[in-house]
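What follows is one structure encoded as structure tokens, with my remarks underneath.
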Amino acid sequence: MTWRDYYSQRLVSAEEAVKHIKSGDRVVLGHACGEPLLLPTAMVARAEELNDVEVVHMVAKGEGLYVAPEMEGHFRHNGFFAGPSTRKAMAEGRADYTPIHISDIPALFANNCLPVDVAMITVTPPDQFGFCSMGVSVDYTFQAARSAKIVIAEVNPNMPRIFGRSFIRVDEIDYFVPCELPIHENQPATITDVEKAIGKNVASLIGDGSTLQMGIGAIPDAVLTFLTDKNDLGIHTEMFSDGVIPLVNAGNINCRVKTLHPDKMIATFLMGTKDFYEWVNENPMVEMYPEDYVNDPFIIAQNEKMISINSALQIDVLGQVAADTLGPLQFSGVGGQIDFIRGATRSKGGKSIIALPSTAAKGTISRIVPILDTGASVTTSRNDVQFIVTEYGVAELKGKTVRERMQALTNIAHPDFRNEIEEKMKAVYFKK
Ligand code: COA
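Counting in my numbering, the sequence shown runs from 19 upward without gaps.
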């Protein structure tokens, strides 16, 4: 049978496709902006017929209907990340969080630690050779599809076709569901004066020829606006977004001196606007690979002058970083923060940076604290951190004693909180 015959025989509606989900199954959804648009809704419409279906996902861009209170008993969400649609359900005990480095997720599926019954993913229409691109979501989705007993793919012409190890053959997919809706987007963040100041401080640590990892949001976007005088920058990152385009167009990012994948921007997932998706579509400069490759610290470290830039919610004066919990509540996930910190640490000339505003809640709370909030999880340990950056400056912690770290971090706290931090710090850590 030709791939064209195979494909046309397996074209079904979303409603027909989700009939293959059974009670007790584990269903893995394509990640972030690669989340299917029709299949989750069609699955939830079958709630009355299904019990104990586990829905595994990471950054959820869809409505997350499967976590609604009335879905208890039918669906249970198991997330590698909390977000606006899943955070409340986790806090109320109706959904679960699994702590894991992004680089380790594919092995959960491949080694049957989390066997996958059904993978629901989004792909481009097949090319002339019978290959579909997984587009903006290669990450864990690639291995989920490889490991699943049943693969259901929404075939969407709006999904950009992206090079790299990002293709799946038509005969690796069981059912094809046509969908022409726009794929999920991510709009650029508004950058405040505080974020601009942080961006400027971070940019002061970035030299010509560096390879960058950065996430999404206002701080990464602010950093990018201060790189217009840098040369020969490269990208090897978990994800990137619209903010890189002006720097590529102006030649600041050209990936020319990268020591791994020269000339290429490497990522494992992408989130951006429609214009961004047009820009990455068949762009010879962009390559996507699964996250157990892109986020492997030993792969990351092969990039000389690797700079990781990540953010945090709170940091204590010892340098322990809480980036994914607010006290005991799951706010986001560990993501690739430690993968990249460890990769950058091993990289020749590399630097790892945690950049965060000095305060939260409209300036009423210091994010630099003597002791982390009760129940907070340490995302990055004090043994791993190097540079901490706020709008008030840069603290280099690597190789510094506990006492030196305390001083360096107090110096970059908001001035309104510095005395309070010092007094509490002395009372807690030093017995006279
Ligand atoms: N105490 C109380 N509230 C706090 C707080 C603190 N210490 N720190 C932040 N908050 C509040 C903020 O005020 C904000 O509330 P609002 O939405 O009502 O304004 C909210 O928590 C989110 O904080 P913010 O700093 O705006 O978050 P962000 O969207 O910039 O994301 C992280 C920051 C740390 C959560 C995010 O970068 C992350 O999840 N990192 C871990 C994963 C990672 O590093 N991945 C690798 C890169 S992809």
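C-beta atoms are modelled at their ideal positions from N, C-alpha and C, and glycine is treated no differently.
Status (buried if at least 16 other CB within 10 Å, exposed otherwise) for E110 = Per the 10 Å Cβ criterion, exposed.
Is the distance from the Cβ of V387 to the Cβ of Q332 below 8 Å?
-> In this structure, V387 places its C-beta atom within 8 Å of the C-beta atom of Q332.
Please state whether DSSP places L288 in a helix, a strand or coil.
-> If DSSP states are grouped into helix, strand and coil, L288 belongs with the strands.
Just the C-alpha distance for G269 and G225, rounded to the nearest angstrom, thanks.
-> If you take the alpha carbons of G269 and G225, they lie about 15 Å apart.
Between which two residues does the alpha helix (DSSP H) harbouring A163 extend?
-> Here the alpha helix (DSSP H) through A163 covers 159-165.
CB contact flag (I237, N204, <8 Å) | No, Cβ-Cβ distance for I237 and N204 is not below 8 Å.
Indicate the three-state DSSP secondary structure (helix, strand or coil) for L336 in the structure shown.
-> DSSP, read as helix, strand or coil, puts L336 in coil.
Close-in-space but distant-in-sequence residues of the same chain around L265 (CB under 8 Å, 5 per side omitted) | Closer than 8 Å at the Cβ level, and outside the excluded window around L265, lie L242, L245, T246, L251, I271.
Report yes or no: do three or more beta-carbon pairs, one from the region 374-387 and one from the region 332-350, lie closer than 8 Å?
-> The region 332-350 and the region 374-387 touch, with three or more beta-carbon pairs separated by less than 8 Å.
Based on the DSSP secondary-structure assignment, which residues constitute the bridge partners of R187?
-> R187 has F149 as its beta-bridge partners, per DSSP.
Within 7 Å: the Cβ of L331 and any heavy atom of the ligand COA?
-> Residue side-chain check: L331 places its Cβ nearer than 7 Å to a non-hydrogen atom of the ligand COA.
Tell me whether I383 counts as near the ligand COA, meaning its Cβ is closer than 7 Å to at least one heavy atom of that ligand.
-> Yes, the ligand COA has a heavy atom inside 7 Å of this Cβ.
Distance between beta carbons of V212 and E409, contact taken as under 8 Å = The Cβ separation is near 5 Å, so the contact holds.
Can we count D260 as close to the ligand COA, meaning its CB is less than 7 Å from some heavy atom?
-> Checking every heavy atom of the ligand COA against the Cβ of D260, none is found closer than 7 Å.
If you pair each beta-carbon of the region 316-327 with each one of the region 275-282, do three or more pairs fall below 8 Å?
-> Contact between the region 316-327 and the region 275-282 is present, with at least three C-beta pairs closer than 8 Å.
What is the DSSP secondary structure of I201, counted as helix, strand or coil?
-> The three-state reading of DSSP puts I201 in coil, since its state is none of H, G, I, E or B.
Kindly indicate which three-state DSSP category Y447 falls into: helix, strand or coil?
-> It is helical.
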